[in-house]
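A.B. asks: The numbering used here puts the last residue of the sequence shown at 413; the count rises by one with no breaks.
For every residue, glycine included, the Cβ atom is placed at its ideal position computed from N, Cα and C.
What follows is a structure written as structure tokens; I'll ask about it next.
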Amino acid sequence: MRAPQYSSDPSEILSAGVIENPDAFYARVLSECPVSRIGETGVHLVASWAKILEVLGREEDFSANLTGVLIRGAQGQPSTFDLPPTEGTKVIATADEPRHSVHRRLVKPGLSNEQIGSLEPRIRRWTRDALSSWLLSGAGDFVPTAEILPAKVVGHLLGLPEGDAEQHRAWAMMGGEILAGDVSGPGLQNLARETAGIAEYLGEHIRLALSGGGGPPEGSLLWRLALGVGEGEVSLSEATGIAIVMFGAGGESTSALIGSSVKLLAESASLVRRLRESPELIPRFVEEAVRLEPPFKFHYRAVRRKCELDGYALAPGDRLMLHWAAANRDPSIYAGPNEIQLDRKYPKHHLSFGRGAHFCVGEQIARLEGRIMIEELLRCPGEFALDSGDPPVYARSIFVRRLERLPIAVE
């Protein structure tokens, strides 16, 4: 038996309405069709917490390899864009075992508790500088402030020159474009050119580390990847692919988390007052922000063989869209799933950083950056709110929940 259609309008998931305001969409698919088909694309939407965890536990049936993506096709209807099975695209989050464990083992020491904890003073200094510049310029759009901090942090972790931070910021914000669902032919060509530029830049720094002629400092992520190349654990193509993923995951996703957190605060003066009065609740607020607005709304899985999910037939080549954002609103898991509740018993019990073997390697640094930004913002004098005459604008993406504009008025 085939899964039901997720909507009477196959293109609904690509619509501006769902991208801007997805709450009703999440509620409907959770209640009516937690496993469903998106048109005739072979892509299946998996929305419920229980079914996502089932998929994650069935690696023999479902591969993490990114084999293709959902896009807007002819006449605006959903279609798929197949991706070539290159070595550089099967890395970290999109790698299967045994390569996945090799990749994680190379980067985890550079993201250890000790390493991340040592960065707090530097991140706090950068945060204060960014907020001071924003306020001195008259406040306004917060997005550049939300973007530059993660770009600096990920550049530092990789071992790249701090002077290239603006270029890092531009590249980091491109990480999710291939998954956005609405990239045109010319847009894909431009994305390919920029990706080639990123690969050359990162590859050159890895080669410098390999040659011993300078480049990334010892202990940095690029230095560790170069070590892996030198010892034959990964190829240069794999190492470069891992670095590109770290760029996007560490840059775009964290800036999205910061932007969403600031928007939620700007919408609620009472929440701002409560956190100013009880700053120890800020980590809990960050968890609720990332639960309600996961930077990456979903990840794909590719069906390896003929099988079933929730009683529905799947065929090799089909794809699953594991929708973290919908599952984070699952009423069977959360009381008041659409509400910010700072007293949840298990505040980190959400799927925004994934689950299981592919749990996000950088979740600690993302949480740290989010917490520090909110702490420092709430220490700034005055009140702030959304600019009533200039509404926020989200990136036109089915994949990333990221603000492109966030005008803030400060009094």
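Just the C-alpha distance for Ala-329 and Ala-291, rounded to the nearest angstrom, thanks.
C.D. replies: Rounded to the nearest angstrom, the two C-alpha atoms are 14 Å apart.
A.B. asks: Have a look at the DSSP bridge pairing and note the partners of Met-323.
C.D. replies: DSSP lists Leu-47 and Tyr-302 as partners of Met-323.
A.B. asks: Taking 7 Å as the threshold (C-beta atoms), are Arg-130 and Glu-378 in contact?
C.D. replies: In contact: Glu-378 and Arg-130 (Cβ atoms closer than 7 Å).
A.B. asks: Excluding the 5 residues preceding and the 5 following Pro-394 in the sequence, name in chain order all residues of the same chain whose CB lies nearer than 8 Å to its CB.
C.D. replies: Here the set comprises Lys-265, Leu-388, Leu-405, Arg-407, Leu-408 and Pro-409.
A.B. asks: If you count every other CB in all the chains shown that lies within 10 Å of the CB of Leu-138, and 16 or more means buried, which is it?
C.D. replies: Leu-138 is exposed by the Cβ-count criterion.
A.B. asks: Would you mind reading off the limits of the beta strand (DSSP E) that contains Thr-82?
C.D. replies: Counting along the chain, the beta strand (DSSP E) containing Thr-82 begins and ends at 80-84.
A.B. asks: Once DSSP output is grouped into helix, strand and coil, what is the label at Gln-117?
C.D. replies: Helix, per DSSP.
A.B. asks: Rounded to whole angstroms, what's the CA-CA distance from His-301 to Phe-355? Just pull it up for me.
C.D. replies: Cα to Cα, the separation comes out at about 11 Å.
A.B. asks: Could you give the C-beta distance for Val-45 and Arg-321, rounded to a whole number, given that I count them as a contact under 8 Å?
C.D. replies: With a Cβ gap of about 5 Å, Val-45 and Arg-321 count as contacting.
A.B. asks: Hey, how far is the Cα of Gly-319 from the Cα of Leu-85?
C.D. replies: Near 12 Å, if we compare the C-alpha coordinates of Leu-85 and Gly-319.
A.B. asks: Which one or two residues does DSSP pair with Leu-273 in a beta bridge?
C.D. replies: Leu-273 pairs with nothing; no bridge assigned.
A.B. asks: Taking C-beta to C-beta, are Glu-196 and Met-175 nearer than 7 Å?
C.D. replies: Cβ atoms of Glu-196 and Met-175: not closer than 7 Å.
A.B. asks: Name the two residues that bound the continuous beta strand (DSSP E) containing Ile-73.
C.D. replies: Counting along the chain, the beta strand (DSSP E) containing Ile-73 begins and ends at 70-74.
A.B. asks: Any heavy atom of the ligand NAP inside 6 Å of the beta-carbon of Tyr-203?
C.D. replies: No copy of the ligand NAP occurs in the structure displayed, which carries no ligand at all.
A.B. asks: Evaluate Thr-88 with the Cβ neighbour count: other Cβ atoms within 10 Å of its Cβ, from every protein chain shown; 16 or more gives buried, anything less gives exposed.
C.D. replies: Exposed, since its Cβ has fewer than 16 Cβ neighbours within 10 Å.
A.B. asks: Taking the continuous alpha helix (DSSP H) assigned at Ala-245, which residues delimit it?
C.D. replies: Element bounds for Ala-245: 238-268.
A.B. asks: Run the CB neighbour count on Lys-347, radius 10 Å, all protein chains shown included, and call it buried at 16 or more, exposed below.
C.D. replies: With fewer than 16 other Cβ atoms within 10 Å, it is exposed.
A.B. asks: Just grab the DSSP bridge partners of Ile-410 for me.
C.D. replies: Partner(s): Gly-142 and Leu-388.
A.B. asks: Check for me: the beta strand (DSSP E) holding Ser-38 runs from which residue to which?
C.D. replies: Counting along the chain, the beta strand (DSSP E) containing Ser-38 begins and ends at 37-39.
A.B. asks: Assuming contact is defined by CB atoms lying nearer than 7 Å, are Pro-297 and Ala-258 in contact in what I supplied?
C.D. replies: Going by C-beta atoms, Pro-297 is nearer than 7 Å to Ala-258.
A.B. asks: Alpha carbon to alpha carbon, how far is Glu-42 from Leu-32?
C.D. replies: Roughly 21 Å between the two C-alpha positions.
A.B. asks: Three or more C-beta pairs closer than 8 Å, one from the stretch 237-255 and one from the stretch 140-158: is that the case here?
C.D. replies: Because the criterion of three Cβ pairs below 8 Å is met, the stretch 237-255 and the stretch 140-158 touch.
A.B. asks: Could you spell out the range, first to last residue, of the beta strand (DSSP E) harbouring Tyr-314?
C.D. replies: Where Tyr-314 is concerned, the enclosing beta strand (DSSP E) stretches over 314-316.
A.B. asks: Leaving out five residues before and five after Gln-79 in sequence, what residues of the same chain have Cβ atoms less than 7 Å from its Cβ?
C.D. replies: So the list reads Pro-12, Ser-13 and Gly-41, once near-sequence residues are dropped.
A.B. asks: Between the alpha carbons of Leu-353 and Ile-15, how many angstroms are there, rounded?
C.D. replies: If you take the alpha carbons of Leu-353 and Ile-15, they lie about 20 Å apart.
A.B. asks: Between Leu-324, Arg-226 and Gly-119, which lies nearest to Arg-39 when the distance is taken from Cα to Cα?
C.D. replies: Answer by Cα proximity: Leu-324.
A.B. asks: Is there contact between the stretch 53-60 and the stretch 17-27, where contact requires at least three CB pairs shorter than 8 Å?
C.D. replies: Segments in contact, no.
A.B. asks: What does the alpha-carbon distance come out to for the pair Val-185 and Trp-173?
C.D. replies: Near 16 Å, if we compare the C-alpha coordinates of Trp-173 and Val-185.
A.B. asks: CA-CA distance, Ala-245 and Leu-162?
C.D. replies: Taking the straight line from one Cα to the other gives about 11 Å.
A.B. asks: With the cut-off set at 7 Å, would you say Ser-399 and Ala-182 are in Cβ contact?
C.D. replies: Contact: yes.
A.B. asks: Determine contact between the stretch 225-234 and the stretch 101-109, defined as no fewer than three beta-carbon pairs at a distance below 8 Å.
C.D. replies: A contact exists between the stretch 225-234 and the stretch 101-109.
A.B. asks: For Val-93 versus Gly-234, is the C-beta distance shorter than 7 Å?
C.D. replies: No.
A.B. asks: Can you grab the Cα-Cα spacing for the pair Leu-47 / Val-37, in whole Å?
C.D. replies: Distance between the alpha carbons of Leu-47 and Val-37: 6 Å.
A.B. asks: Cα separation between Arg-4 and Gly-70?
C.D. replies: In a straight line, the C-alpha of Arg-4 is about 21 Å away from that of Gly-70.
A.B. asks: DSSP on Tyr-348, reduced to helix/strand/coil?
C.D. replies: Correct three-state label for Tyr-348: coil.
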